[in-house]
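Written below as structure tokens is the structure these notes are about.
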Amino acid sequence: MLLAEQALNGLQYGMMLFLMAAGLTLVFGVMGLINLAHGSLYMTGAFACAAVAAVTGSFWLGLAASLVAAAAAGALVEIAVIRRLYARDHLDQVLATFALILVFSEGTRWLFGSFPLYLKLPGSLSGAVVLPGGLHYPLFRLVIIGFGAAVALGLWWLITRTRLGIRIRAGEADREMIGALGVDIARLYTIVFALGAALAGLAGALVGTIQSVQVGMGEPVLILAFVVVVIGGIGSIKGAFVGALLVGMTDTLGKALLPDLFGQVLDASSADTVGASLASVLIYVLMAVVLILRPQGLFGARG
Amino acid sequence: MELKRLLICGTAALALAGAAQAEGVKVGMITTLSGGGAGLGVDTRDGFLLALKNAGDAGKEVELVIEDDQQKPDVAVQIADKMIQSEQVDVLTGIVWSNLAMAVVPAAVAQEKFYLSTNAAPSQLAGAGCNPKYFSVSYQNDNLHEAAGAHATEAGIGKIFIMAPNYPAGQDSLAGFKRYYKGEVVGEVYTQVGQTDYAGEIAQIRASDADAVFFFLPGGMGIAFMKQYAESGVGKPLIGPAFSFSQDILPAVGDAALGVRNTAQWSRDLDNPANKAFVESFQAEYGRLPSLYAAQAYDTANLLISAVAKADPGDADAFRAALAEANFPSVRGKFRFGPNQHPIQDYYVREVVKEGDVLTNRIIGPAMTDHGDAYAEQCKM
Numbered sequence: 001m002l003l004a005e006q007a008l009n010g011l012q013y014g015m016m017l018f019l020m021a022a023g024l025t026l027v028f029g030v031m032g033l034i035n036l037a038h039g040s041l042y043m044t045g046a047f048a049c050a051a052v053a054a055v056t057g058s059f060w061l062g063l064a065a066s067l068v069a070a071a072a073a074g075a076l077v078e079i080a081v082i083r084r085l086y087a088r089d090h091l092d093q094v095l096a097t098f099a100l101i102l103v104f105s106e107g108t109r110w111l112f113g114s115f116p117l118y119l120k121l122p123g124s125l126s127g128a129v130v131l132p133g134g135l136h137y138p139l140f141r142l143v144i145i146g147f148g149a150a151v152a153l154g155l156w157w158l159i160t161r162t163r164l165g166i167r168i169r170a171g172e173a174d175r176e177m178i179g180a181l182g183v184d185i186a187r188l189y190t191i192v193f194a195l196g197a198a199l200a201g202l203a204g205a206l207v208g209t210i211q212s213v214q215v216g217m218g219e220p221v222l223i224l225a226f227v228v229v230v231i232g233g234i235g236s237i238k239g240a241f242v243g244a245l246l247v248g249m250t251d252t253l254g255k256a257l258l259p260d261l262f263g264q265v266l267d268a269s270s271a272d273t274v275g276a277s278l279a280s281v282l283i284y285v286l287m288a289v290v291l292i293l294r295p296q297g298l299f300g301a302r303g
Numbered sequence: 001m002e003l004k005r006l007l008i009c010g011t012a013a014l015a016l017a018g019a020a021q022a023e024g025v026k027v028g029m030i031t032t033l034s035g036g037g038a039g040l041g042v043d044t045r046d047g048f049l050l051a052l053k054n055a056g057d058a059g060k061e062v063e064l065v066i067e068d069d070q071q072k073p074d075v076a077v078q079i080a081d082k083m084i085q086s087e088q089v090d091v092l093t094g095i096v097w098s099n100l101a102m103a104v105v106p107a108a109v110a111q112e113k114f115y116l117s118t119n120a121a122p123s124q125l126a127g128a129g130c131n132p133k134y135f136s137v138s139y140q141n142d143n144l145h146e147a148a149g150a151h152a153t154e155a156g157i158g159k160i161f162i163m164a165p166n167y168p169a170g171q172d173s174l175a176g177f178k179r180y181y182k183g184e185v186v187g188e189v190y191t192q193v194g195q196t197d198y199a200g201e202i203a204q205i206r207a208s209d210a211d212a213v214f215f216f217l218p219g220g221m222g223i224a225f226m227k228q229y230a231e232s233g234v235g236k237p238l239i240g241p242a243f244s245f246s247q248d249i250l251p252a253v254g255d256a257a258l259g260v261r262n263t264a265q266w267s268r269d270l271d272n273p274a275n276k277a278f279v280e281s282f283q284a285e286y287g288r289l290p291s292l293y294a295a296q297a298y299d300t301a302n303l304l305i306s307a308v309a310k311a312d313p314g315d316a317d318a319f320r321a322a323l324a325e326a327n328f329p330s331v332r333g334k335f336r337f338g339p340n341q342h343p344i345q346d347y348y349v350r351e352v353v354k355e356g357d358v359l360t361n362r363i364i365g366p367a368m369t370d371h372g373d374a375y376a377e378q379c380k381m
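Those sequence lines, one after another, are chains A and B. Note that the first sequence covers residues 1 to 303 in our numbering. Note that the second sequence covers residues 1 to 381 in our numbering.
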């Protein structure tokens, strides 16, 4: 029973990471841009959701606001800053987007103050439900799994079945050529960046409801999102999905099982310490193993 | 010739400035004013400034320089160096986090500066590493956890699940709790620092046969845990130190915190004149309820004002004696220093309640009386 609950937790954590990593890998793959400020867009979504939900009393309006606010912030940032960075090397991009993190953090603090905001679940989604087998599980975590699956399906449809998706894939493969064929590259990049930002904003709003909405909330998740992107293969949505689930499962099950496993051979307190420390590096071990076996990532096209 | 006269004038001016300064005290406040932990630093600063304002003319004796440490030890060290060497402060104060305090305090007291702690009080500075120039006005880090342990024992909780982040203050927390808890610890978990998802731990709590859960998760970690715990429907009672139930984060936790018992040396509803004046003037000045951090900073400033009235900070021995007397109206009611210059004070059990629309704490009883700390014996000074 505990194992089933932990497996669900791993799945849900993986979906959360996927929401974050999908936008990152999209921007990374299509535009070749390392965007450290992705976490700031995630924070923007969470704050927009909390602010709108507080004013209107509706979580759903807040969720819509998070999409709009993050997409708008993304488009603005792309036009004002990011656009000047495509021709530069990665170090300049890292520097500029790191500066954006600071601007976003202090800007948010200036607007909303230093104290964490309150974001509550709507009544219809709160509480626990009983799953088959008698397992009590929080409803909202199931909703997050649902959102993750829906976004994965939506992105798959967008990339493989629509005109925009064809352009995105073409942009990934050869940006000079599609420019020469008359596709407005500048506009395409703004759209992709805004789409990535909207995904981050949605993740921020969803996660903010069960965590805390505060300045700096995006950076810890960003590191994991990069791990997911590297494991999955840069630019691959499918890779981000599989990578996120792998990381989520490894992290959750590692933390749940390792201390017990070590408990078989060590005494309780040192088993806890060893197990907990090993569990916290487990995802990086996973990343290292994947990189040794497949340096381009699980589904990465480029080396 | 011209140069010589200039030099003499300059020296005279400096001497004059020095003489003018000796009347009061120059204080350097290093605290966290940006990033995720800024709420705590803002309350520390505001509590300190309020005490200076409320003291009227006596408050004007204190010249305050404030700088933001960004919650980074290296930045805190740089600021401390600058304040000591170019600003020539007499007293340093304001650090919220223990790791920053450990980076700054030993060096500052070695350079003959006083340090008054408004919050962080790691065990290293309470025991063998104690120093005549270091005072903790808040508590010793273990204290609130010890009080929670004492309360859990008193409340007859037979089996408990305990949890803290895996870093020095987290390890001190569980050690402090166990020092005074007499029941059985059925689960002991160290989480990662900065962890935001507690589904795994909540599953372990659900599977355990614990009667209650003790947790120490400061800042955003506590907000996340409590919201997720309330959603999970596990429902075992929670106990914790006041940090996760302080006024700065209660609004963000929401109703999930209602009814949770927590331990602290101060509460908004503590019945004494100094506290009433503090809470009222804080609300009037800033339009919000004060947190524990604000109360501790307010006391620190008042302690400083009381010492400046008696002794010149330039006379270190006299100034230290004046500080050690702790003759100031504390918002905690009674307050005195132990032999290692950490507080001997009462600790209370508080409960999170809703007054109108506002979540706040109410005292429901004493947890420990005239309690010092476990490290005082190791302090030789």
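All residues carry an ideal CB built from backbone N, CA and C; glycine is no exception. Since the model is a prediction, treat every value here as computed from it, not as a measurement.
Item                                                                                                                      : Value
Own chain, CB closer than 7 Å to Val94 of chain A, minus 5 neighbours either side, in chain order                         : Ile34, Leu36
Closest residue to Pro366 of chain B among B:Ala128, B:Glu146, B:Val91 (Cα-Cα distance)                                   : B:Glu146
Selection from A:Leu298, A:Glu219, A:Ala198, A:Gly204 that minimises the alpha carbon distance to Ser236 of chain A       : A:Leu298
First and last residue of the uninterrupted alpha helix (DSSP H) at Tyr42 of chain A                                      : 38-56
Simplified DSSP assignment, three categories, for Met102 of chain B                                                       : helix
Classification of Pro259 of chain A by the beta-carbon crowding that lies within 10 angstroms, buried from 16 upward      : buried
Beta carbon of Ala240 of chain A nearer than 8 Å to that of Ala70 of chain A                                              : no
Inter-residue spacing [alpha-carbon to alpha-carbon] between Ser280 of chain A and Val137 of chain B                      : 36 Å
Three-state secondary structure (DSSP) of Asp74 of chain B                                                                : helix
Within 7 Å of chain A by C-beta, residues of the region 253-268 of chain B in sequence order                              : Gly254
Thr369 of chain B classed as buried or exposed, judged by whether at least 16 other C-beta atoms fall within 10 angstroms : exposed
Nearest to Ser359 of chain A (by Cα), restricted to the options A:Val213, A:Ala288, A:Asp272                              : Since the first and last residues shown for chain A are 1 and 303, residue 359 of chain A lies out of range.
Whether Leu155 of chain A touches Ala22 of chain A by CB criterion (8 Å)                                                  : yes
Integer-rounded CB distance, given that Asp248 of chain B should sit under 8 Å from Gly39 of chain B                      : 4 Å
CB-CB length for Ala322 of chain B against Arg336 of chain B, believed under 8 Å                                          : Wrong, their Cβ atoms sit about 14 Å apart, outside the cutoff.
Positions along the region 30-42 of chain B whose CB lies within less than 7 Å of some CB in chain A                      : Ser34, Gly35, Gly36, Ala38, Gly39, Val42
Closer than 8 Å at the beta carbon, the chain A residues around Tyr190 of chain B                                         : Asp272, Thr273, Ala276
7 Å Cβ cut-off: residues of chain B touching Pro132 of chain A                                                            : Going along chain B, no residue has its Cβ under 7 Å from Pro132 of chain A, so there is no contact; the nearest lies around 17 Å.
Contacts of Gly14 of chain A in chain B (Cβ-Cβ under 8 Å)                                                                 : Near Gly14 of chain A there are no residues of chain B at all, since even the closest Cβ is about 11 Å away, more than 8 Å.
Candidates A:Val247, A:Thr56, A:Pro116, A:Leu139: closest to Pro251 of chain B by CA position                             : A:Pro116
Counted within 10 angstroms of its Cβ, other Cβ atoms place Ala301 of chain B as buried (16 or more) or exposed           : buried
Strand pairing of Pro116 of chain A, partner residues [DSSP]                                                              : Per DSSP, none; premise fails for Pro116 of chain A.
C-alpha gap between Leu33 of chain B and Val104 of chain B, whole angstroms                                               : 17 Å
Straight-line gap, Ala22 of chain B to Tyr293 of chain B (C-alpha atoms, nearest Å)                                       : Because Ala22 of chain B sits at a pLDDT of 45, beneath the cut-off of 50, its placement in the model cannot be relied upon, and the following sentence gives the value as read from the coordinates. Ala22 of chain B and Tyr293 of chain B: Cα-Cα distance of roughly 29 Å.
Chain A contacts made by the region 219-238 of chain B, where a contact means CB separation under 7 Å                     : Gly220, Ile223, Ala224, Lys227, Gln228, Glu231, Ser232, Gly233
Cross-strand partners of Ser244 of chain B (DSSP beta bridge)                                                             : Answer is none; Ser244 of chain B lacks a bridge partner.
CB-CB length for Val89 of chain B against Phe161 of chain B, believed under 8 Å                                           : So it is not a contact: roughly 45 Å between Cβ atoms.
Cutoff 8 Å: Thr252 of chain A Cβ touching any chain B Cβ                                                                  : yes
Residue-chain proximity (His38 of chain A, chain B), Cβ-Cβ < 8 Å                                                          : no
Leu63 of chain A burial status per 10 Å Cβ neighbour count (16 or more: buried)                                           : buried
Minimum Cβ-Cβ distance from Gly29 of chain A to chain B less than 8 Å                                                     : no
The region 187-197 of chain B contacting the region 214-222 of chain B, beta-carbon criterion three pairs below 8 Å       : yes
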